[in-house]
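**Student:** Attaching a single structure in structure tokens format; questions to follow.
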Amino acid sequence: MDPFIKELKEKFVHSDDLFLHEEEILDVPVLLVGFKSLIDFTKTKVTLQKYIDTAISSQKTIGELLNEIGEVKEKDLEEAVSSIMTGKLLIISNSHRKYAVIEPFHNMLNRAIEPPTNENILQGSLSSFNEDIKTNIGLIRKQINASNIRAEFFSVGSEQKTKLSMLYFEGQADKKLVEKIRSSFEKNQDREINNLQNLAKSLGFSGWSVISKVNTTELPSETVAFLRKGRVALFVDRYPFALILPCFLWDMFTLENDRNYPIPLMASIRLVRIFGILISLLIPALYVALVAVNPEVLRIELALSIAQSREAIPYPALVEILLMLIILELIIEASVRLPSSIGPTITMVGGIILGQAVVEAKLVSTLLIIILAATTIANSTLVGIQNSLAVRLFKYVLVILASIYGVLGILGGIVLISAYLASIETFGISYLNLNYAKEGTKNG
Amino acid sequence: MRIIPLKLLITLCTVFLLSGCWDTKDINHRSLPIVMGVAMEDDQYNIHLQIPDPDTDVMQVRIVSETGETVSQAVDKLSANMESRIDLLHVKVIVIEKELAKEGVKDLISGFMRAREVSPKALVVVSDEKIEPFFSNLNNTTDPQGTTLFDFFDKDAGWSPQIALTRVWELYRSIHSTTRDVVLPIIKSGDSTVIQHLGSAVIKNGRMVERIDPEETLLVNAFYEESTHGKVEVMEEATVLIVGNTMDHKSRNIDQVPYLNSQLHLKVVLLETIGKPTDKEIRTALETQLTNRFNEMFSKIQESKADVLGLGQYFRAKIPSEELKKWRSEHYPKLKMEFEVHAVIRNEGQIKLGAD
């Protein structure tokens, strides 16, 4: 046997889905090599047979035929292995010192294009990205018919190669930004990218930032809007989201789909989201501050009814609110973890615990339940899961400061959070930038 | 980079350990008195506090009292004897016994302003009767929250334009100002209503020197451009409802004699008529009635040398500040006051004048 084939077999030992199929093309014995799990062999063979038939009638040699249907390469083991890994079909002839790499029919291993699962959309285009990077870029190209859209591909990782691609609008995106992203990928060629933390490392961001520096969206319509404003979109193969760089505070409140409504409605929806962040940040802290530290701020009627609702409750306000907030976080986390068939159980049990039993058992006050409900609901109005997670965390900072310094502590906490937000920058672009689109166009 | 979370952790721990957040008391462990009564008995302050006591089902109102050399001592004694800490910041109304008001409340009010225990926004009221019966009558009210007295003076609730509203800081200011005095409402517990409003006490330098009746207090309030909306004026010809008021002042100082011309513009709505008066007759009647009432009141307060209308304010730019110190004693008694009322009938109601 050919030593090349022997080496190949050794490389894929215990890989039982590898096939080595002996065949004769134009009376030359060849070996078809590939993965059964990746290649639809029957379809591929039928098509191959058609090529062979035309080759016989036009009296071509095998070399000419292979050149026509694929890429003929020298026998290089490394390259052959990586071709097989990516789902190519290899035709290896025993006599020649060459093999051909052919694009076969693939098994359908991708989802169809489906409505979004993480971001609900009202009255807007419904298709969302899936795991295949090419499909995603295709979706973008379909969404916007523009010749100045650029898609650069990178392949990073030392052992396992990951495909990455960077999309931007030539003339819209800041050239310096594009160059910085490109060079950081090239510099970190050997770093493997399996998740967003890896990607952030590759781009040179700190992993300890609470606010995510990349904005994620699974909607082509949103992505295109970002591209048009001069942002850069990154795609990672097998990750069904577009990663938008740079990311701004204002993205927390806006969706491109808002622009499908009249302007007054759009403005009020966005106002609701701004209220959302304020309520979810401030209300739990205000509860602690007003109940424990600064009750004089309350109107007397309210103060008395709060005092009445807290009568016979054993814990101080801080312990009370932390207890309930943690239970609430557990419920949220559990409802993400659980399969959708038993999800409603958790909601029901959680609802009973939070709504009724805890109050009746005199563990927490009724007012706290209202505050928790308002906080949780308000938190969900923010755009982007990563943003609402960050706000959920900031809330605790304010609660703790409020328990120590009261209303003054809340003010201090807000200053602290604002200072933190102001300190965030992505490739030299501030997180609090409100006018990036205009500046970006100027730079381009 | 690894050291940052550690530093953060240490900082957080110290914040918790060093801040003393356990010093704060939750709202249900504080007593929130709404009304504070102050009287003087044998050189000792006698303090009454009306404290709503929130129970899980019903709200009860408690009255506690204590005597002490100072207000703080009395409150401190009370706090020690009670199961929760007394938090005076929610005191909305301070009731001062008439005898104490006549003696002078300078030290009391200065104490409130200095200690910041009591909100400077709390209202000061004079009680025409002894503090003890006043409070025990107050406690017999059916209001479960114990906010009756506060509601009585609340502009959003039971306040009427003939009731004076004076806060602790205003009283404090009047004590130290050379050109301004205040009026405090006088109340006592009523027969059919909880509280009966008797008029106002004229306070000069922290001491009660004169009384004026509710009708006259209305003019004082109008002078301060407080809204007089809702006051009903009864005359021989008609009954009108005041719906709006503005003031204009012109001051002159000629040969050491201050002159002031004040014009009150009223908008009224016609409620009832007797006979068939004309528009002009009604207006003239109203104007004369108010002008006469004002002149009567003014001569009374001028005699007592208490500038409750704050007329000295209009001469701040005309009299040198050294002279202003003698405003109450020298200039104010010489003041020539000219008061004019201009009334407009804004609305005659569904029936036009002279229609029926």
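Line order of the protein sequences matches chains D and W. For what it's worth, my numbering labels the leading residue of the first sequence as 9, then goes sequentially. For what it's worth, my numbering labels the leading residue of the second sequence as 9, then goes sequentially. All residues carry an ideal CB built from backbone N, CA and C; glycine is no exception. Note that this is a predicted model, so its numbers are computed, not measured.
Count the other CB atoms, across all protein chains shown, that sit within 10 Å of the CB of Gly-436 of chain D; report buried if there are 16 or more and exposed otherwise.
**Tutor:** By the neighbour-count rule (16 or more Cβ atoms within 10 Å), Gly-436 of chain D is not buried but exposed.
**Student:** Residues bridged to Asp-61 of chain W by DSSP?
**Tutor:** Paired residue(s): W:Gln-68.
**Student:** At what residues does the alpha helix (DSSP H) containing Met-274 of chain D begin and finish?
**Tutor:** Counting along the chain, the alpha helix (DSSP H) containing Met-274 of chain D begins and ends at 271-296.
**Student:** Just the C-alpha distance for Ile-456 of chain D and Leu-98 of chain D, rounded to the nearest angstrom, thanks.
**Tutor:** Nothing about residue 456 of chain D can be reported from this structure: the residues present for chain D run from 9 to 452 only.
**Student:** Would you kindly work out how many angstroms separate the C-alpha atoms of Pro-41 of chain W and Pro-141 of chain W, rounded to a whole number?
**Tutor:** Taking the straight line from one Cα to the other gives about 18 Å.
**Student:** How would you list, in chain order, the residues of chain D whose beta-carbon sits under 8 Å from the beta-carbon of Asp-63 of chain W?
**Tutor:** Gln-316 and Glu-319, listed in chain order.
**Student:** Closer than 7 Å, CB to CB, is Ala-325 of chain D near chain W or not?
**Tutor:** So, interface residue.
**Student:** Put Pro-11 of chain D into one of helix, strand or coil per three-state DSSP.
**Tutor:** Three-state result, Pro-11 of chain D: helix.
**Student:** Is it a yes or a no for the region 142-151 of chain D touching the region 226-236 of chain D, going by three-plus beta-carbon pairs under 8 Å?
**Tutor:** Judged by Cβ distances under 8 Å, the region 142-151 of chain D makes contact with the region 226-236 of chain D, as three or more pairs qualify.
**Student:** Glu-18 of chain D: which of D:Ser-45, D:Gln-364, D:Glu-86 and D:Tyr-59 sits nearest, CA to CA?
**Tutor:** If we check each option's Cα against that of Glu-18 of chain D, D:Glu-86 comes out closest.
**Student:** Entirely within the region 54-89 of chain D and at least 4 residues each: give me those alpha helix (DSSP H) ranges in chain order.
**Tutor:** Segments of the alpha helix (DSSP H) lying fully in the region 54-89 of chain D: 70-77.
**Student:** Should Asp-287 of chain W and Gln-271 of chain W be called a contact, given that it needs their Cβ atoms to be closer than 7 Å?
**Tutor:** No, they are not a contact pair.
**Student:** Under 7 Å between C-beta atoms, does Val-367 of chain D make it to chain W?
**Tutor:** No - not a single Cβ of chain W is within 7 Å of the one on Val-367 of chain D.
**Student:** Pick out the complete alpha helix (DSSP H) segments inside the region 159-197 of chain W, 4 residues or longer, and give them in chain order.
**Tutor:** Qualifying alpha helix (DSSP H) stretches, in chain order: 176-184.
**Student:** Restricting to runs no shorter than 4 residues, where is the alpha helix (DSSP H) found entirely within the region 236-270 of chain W?
**Tutor:** Listed in chain order, there is nothing to give.
**Student:** Excluding five sequence neighbours on each side, which residues of the same chain lie with their C-beta closer than 7 Å to the C-beta of Asp-140 of chain D?
**Tutor:** Excluding sequence neighbours, Asp-140 of chain D sits near Asn-118.
**Student:** Apart from the five residues just before and just after Leu-429 of chain D, which ones in its own chain have a Cβ nearer than 8 Å to its Cβ?
**Tutor:** Result list for Leu-429 of chain D: Ile-219, Leu-257, Tyr-439 and Leu-440, in chain order.
**Student:** Between the region 295-316 of chain D and chain W, which residues of the former have a C-beta closer than 7 Å to a C-beta of the latter?
**Tutor:** So the close ones are Val-299, Ala-300, Val-301, Pro-303, Glu-304, Ile-308, Glu-309, Ala-311, Leu-312, Ile-314, Ala-315 and Gln-316.
**Student:** Could you tell me which residues DSSP puts in a beta bridge with Glu-346 of chain W?
**Tutor:** Its beta-bridge partners are W:Asn-269.
**Student:** So, at 6 Å on beta carbons, what are the nonlocal neighbours of Lys-188 of chain D in its own chain, with the 5 sequence-adjacent residues on each side left out?
**Tutor:** Hits under 6 Å: Phe-435.
**Student:** Since I believe Gln-58 of chain W is in contact with Phe-143 of chain W (beta carbons under 8 Å), could you give me their beta-carbon distance rounded to a whole number of angstroms?
**Tutor:** With a Cβ gap of about 7 Å, Phe-143 of chain W and Gln-58 of chain W count as contacting.
**Student:** Which term fits Trp-335 of chain W, buried or exposed, when burial requires 16 or more other beta carbons within 10 angstroms of its beta carbon?
**Tutor:** Trp-335 of chain W comes out buried.
**Student:** Helix, strand or coil: how does DSSP classify Lys-33 of chain W here?
**Tutor:** Looking at Lys-33 of chain W - three-state DSSP - the assignment turns out to be coil, as it is neither helix nor strand.
**Student:** Show which residues of chain D have a CB atom less than 8 Å away from the CB atom of Phe-143 of chain W.
**Tutor:** By Cβ distance, chain D contributes nothing, its closest Cβ being about 18 Å from Phe-143 of chain W, past 8 Å.
**Student:** What are the complete alpha helix (DSSP H) segments, minimum 4 residues, inside the region 57-141 of chain W?
**Tutor:** Whole alpha helix (DSSP H) segments, 4+ residues: 79-89, 106-111 and 114-123.
**Student:** Across the region 200-216 of chain D and the region 241-255 of chain D, are there enough close Cβ pairs to call them in contact, namely three or more that are closer than 8 Å?
**Tutor:** At 8 Å Cβ cutoff, the stretches touch.
**Student:** Do you know how far the Cα of Ile-329 of chain D is from the Cα of Gly-95 of chain D?
**Tutor:** Whole-angstrom Cα-Cα distance: 55 Å.
**Student:** Nearest CA to the CA of Ile-195 of chain W: which residue from W:Arg-175, W:Asp-136 and W:Pro-169?
**Tutor:** Selected option, being the one with the closest Cα: W:Asp-136.
**Student:** Ends of the alpha helix (DSSP H) at Asn-206 of chain D?
**Tutor:** Asn-206 of chain D -> alpha helix (DSSP H) spans 204-210.
**Student:** Tell me where the alpha helix (DSSP H) around Lys-403 of chain D begins and ends.
**Tutor:** From DSSP, the alpha helix (DSSP H) with Lys-403 of chain D extends over 393-413.
**Student:** With a Cβ-Cβ cutoff of 7 Å, do Ser-411 of chain D and Leu-375 of chain D count as a contact?
**Tutor:** Not in contact: Ser-411 of chain D and Leu-375 of chain D (Cβ atoms no closer than 7 Å).
**Student:** For Val-109 of chain D, write down the residues that DSSP places opposite it in a beta bridge.
**Tutor:** For Val-109 of chain D, which the question treats as bridged, DSSP gives the partners D:Glu-79 and D:Leu-98.
**Student:** Return the residues of the region 203-222 of chain D that lie within a Cβ-Cβ distance of less than 8 Å from chain W, sorted by chain order.
**Tutor:** Per Cβ criterion, the list reads Ser-214 and Trp-216.
**Student:** In the DSSP assignment, the alpha helix (DSSP H) including Pro-352 of chain D goes from what residue to what residue?
**Tutor:** First-last of the alpha helix (DSSP H) with Pro-352 of chain D: 351-360.
**Student:** On the premise that Ala-159 of chain D lies in contact with Pro-173 of chain D, defined as a C-beta separation below 8 Å, what is that separation, rounded to the nearest angstrom?
**Tutor:** In the sequence as presented, Pro is not what sits at residue 173 of chain D; that position holds Ser. The pair is a contact, with the Cβ atoms about 6 Å apart (cut-off 8 Å).
**Student:** Could you check which residue in W:Phe-302, W:Ser-80 and W:Val-316 has the C-alpha nearest to that of Ser-185 of chain W?
**Tutor:** Ranking the options by Cα distance to Ser-185 of chain W, first place goes to W:Val-316.
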